[in-house]
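In the numbering used here, the protein residues as written are 712 to 791.
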Amino acid sequence: MEHYDRLLGGMLASLLVGAAVGLHPAVRFNVGLLGGAVVATVFLWDAIVRHPPVPTSEPGYAAAAVVWHAVIIAFLIAGF
712 MEHYDRLLGG MLASLLVGAA VGLHPAVRFN VGLLGGAVVA TVFLWDAIVR HPPVPTSEPG
772 YAAAAVVWHA VIIAFLIAGF
């Protein structure tokens, strides 16, 4: 497995664990899934900031990071 394959696996596992936690009666599903998405953000950050597959001067690089974090923050605000 290459580095990016492990990162994608980590993102998937984070979201699945978040969904599983959300199935517990004491935790709302969307809050559990949001927790998984926050953990998946760590893997995404490693993929696009620490070890980017393309030069960081690409215009889509910053847009992808901004959109992802805006979505996570919007769900975080809506979840509480």
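Idealized CB from N, CA, C, for every residue including glycine. Every value quoted in this text rests on a predicted model; they were computed, and no experiment measured them.
- In this structure the region 729-742 does not lie against the region 756-765, because fewer than three pairs of beta carbons, one per stretch, are closer than 8 Å.
- By the Cβ-count criterion, leucine 718 is buried, with 16 or more other Cβ atoms from all chains shown falling within 10 Å of its own Cβ.
- Scanning Thr752, Ala776, Leu726, Tyr772 for the CA closest to the CA of phenylalanine 740 turns up Leu726.
- About 5 Å separates the beta carbon of glycine 729 from that of glycine 746, a gap short enough to meet the 8 Å contact definition.
- Exclusion of the five residues before and after alanine 748 leaves Ser725, Leu726, Gly729, Ile783, Phe786 as the residues of its chain whose Cβ lies within less than 8 Å of its Cβ.
- Annotation: phenylalanine 754 to alanine 781 spans about 17 Å, alpha carbon to alpha carbon.
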